[in-house]
Amino acid sequence: MASSEIARYLSVAGQRVALDPEGYLVDLDQWSPEVAQALADEENLRLEPAHWEVIEVLRDFYQRFEQAPAMRPLVKAVGMSLGKDKASSIYLMKLFPGSPAKIGARLAGLPKPANCL
Amino acid sequence: MSKRGFAKEAEEEVRAMNDTQTDLQGDLLVILRHGPHGSSLLREGLDMALVAAAFGRRVSLLFMGTGCTALVSGQGQGPLGQKGTQATLNMLEMYDIETLLVESEAMHALGLKACDLSLPVIEVSPAQIQAAMTTHRLVATF
Amino acid sequence: MNLHTLNRSPADSRVYQQTLQAMGHDDQLLLIEDGVQGALPQLVRYFEDVEGRVYALKEDLEARGLLGLCADNVHVVDVDGFIELTEQADKTITWY
């Protein structure tokens, strides 16, 4: 869930963006593509079109369901929007190494997914 | 109806159902007996279902009693802006939770019909409820 | 065989109806906490469909002074008996 505790700030193009202790946005409305790239920098990720389309899927998911998806529904949502070829955890792992559901949610400006280890 | 008569009829119904509806099997049956907003039980039950489904368990939901009102179309947030459950219900499909059972008697008692509900459901009789209790490995009531 | 536990009195709450609906023909019912009121002769009739398969927890009856008032067709079990019932059951389903 979105935490309201501010642990630190990220400075993006002169804007102060508050992050919670786990690095998720405190105010989801502060998200912008620039914020996403700044968060990605912390993961040593350069965001390519393949990342952006998944970020888009994540933001759509949150818009519709008011929750960030766990891994399985994320794979399903990616499959529905981007095609079967991309509907695999291996593909998402390559884009967002470690935990795609969590890192993807962070970069997409969503709260941390519940129900997700 | 006499007890014996009822039990016999129930057994026959169970047998008939086992023949036709094998999709009622699963790892977890979550029984939801409360509508939205009055307590946190509906949300807690749905959370449990989602966690189990996120880990690949086959989950069915059974709405009993006033829990059937959890599915009524057109729900919104509470008067003080409290989050509703409609978005979570819509999300069930993404977690492959597609077996939604509703207690037929409760639907009748509440004057609800399947077309009043926001998701496709299977109405179940007491015998089918009893069968679901045995065809799911775990049962949790909320 | 499943064990169902019920902790609400049939005089107060209609949860017992859900319990009865969910009970299979060899399932057992254990009344606990305020549910033990259902063991009183005037109230046990609510459970006539599952007669012979109704248990009530001794400790909860005692605490409420109801042990001596229990109907004859209700089996009284203590906590050890409760555990035995759960061991015999495939699973335990709680109604509250």
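Residue numbers (this note's numbering), protein chains in the order written: chain A, 23 to 139; chain D, 652 to 793; chain C, 7 to 102. From the three backbone atoms N, C-alpha and C, an ideal C-beta is built for every residue, glycine too.
- DSSP, reduced to helix, strand and coil, places Q37 (chain A) within a strand of the structure shown.
- Taken through DSSP and simplified to helix, strand or coil, S103 (chain A) comes out as helix.
- Taking a C-beta cut-off of 8 Å against chain A, the contacting residues of the segment 736-767 of chain D are A738, T739, N741, M742, M745, Y746 and D747, listed in chain order.
- With contacts defined by Cβ atoms closer than 8 Å, N79 (chain C) and V42 (chain C) do not form a contacting pair.
- Shown here, W101 (chain C) sits in a strand according to DSSP, grouped into three states.
- For chain A, the residues of the segment 700-713 of chain D that bring a beta carbon within less than 8 Å of one of its beta carbons are L701, V702, A704, A705 and G707, in chain order.
- Interface with chain D (8 Å Cβ-Cβ cutoff): T11 (chain C) is excluded.
- Straight across, the Cα-Cα distance linking T98 (chain C) with V34 (chain A) is about 55 Å.
- Apart from the 5 residues on each side of it in sequence, G30 (chain C) sits with its Cβ closer than 8 Å to the Cβ of M7 and N8 in its chain, given in chain order.
- L740 (chain D) carries a helical assignment under DSSP once its states are collapsed to helix, strand and coil.
- Taking R128 (chain A) as reference, the option from A:L104, A:P95, A:Y84 and A:V100 with the minimal CA-CA separation is A:Y84.
- G729 (chain D) has a beta carbon lying at 8 Å or more from every beta carbon in chain C.
- Annotation: L50 (chain A) to A62 (chain A) spans about 16 Å, alpha carbon to alpha carbon.
- As for any alpha helix (DSSP H) of minimum length 4 sitting wholly inside the segment 40-105 of chain A, the runs are 55-64, 71-87 and 93-104, ordered along the chain.
- For Y22 (chain C) and P777 (chain D), the gap between their C-alpha atoms comes out near 14 Å.
- Scanning the segment 676-753 of chain D from its first residue to its last, the whole beta strand (DSSP E) runs of 3-plus residues come out as 677-683 and 710-714.
- H685 (chain D) sits buried, since 16 or more C-beta atoms from the chains shown fall within 10 Å of its C-beta.
- Cβ proximity to chain C below 7 Å picks out P777, I780, Q781, M784 and T785 from the segment 774-787 of chain D.
- Minimum Cα-Cα distance from P730 (chain D) among the listed residues D:L675, D:E695, D:L683 and D:G689 corresponds to D:G689.
- Sequence-distant partners of T92 (chain C) (beyond 5 residues in either direction) whose C-beta falls short of 7 Å from its own C-beta, in its chain, are L9 and T98.
- For E90 (chain C), the closest C-alpha among the options C:R70, C:L72, C:L63 and C:L67 is that of C:L63.
- Counting of Cβ neighbours within 10 angstroms places R20 (chain C) among the exposed residues, the total staying below 16.
- Comparing alpha carbon positions, the residue from D:S711, D:L693 and D:G696 closest to T750 (chain D) is D:S711.
- Cα atoms of K98 (chain A) and Q24 (chain C): separation of roughly 36 Å, rounded to the nearest angstrom.
- K116 (chain A) does not reach chain D, its nearest Cβ partner there being about 21 Å away, counting only Cβ pairs nearer than 9 Å.
- Just measuring C-alpha positions, the residue of C:Y52, C:Y61 and C:Q27 sitting nearest I38 (chain C) is C:Y61.
- Listed along the chain, the chain C residues whose CB falls inside 8 Å of the CB of T792 (chain D) are I99, T100, W101 and Y102.
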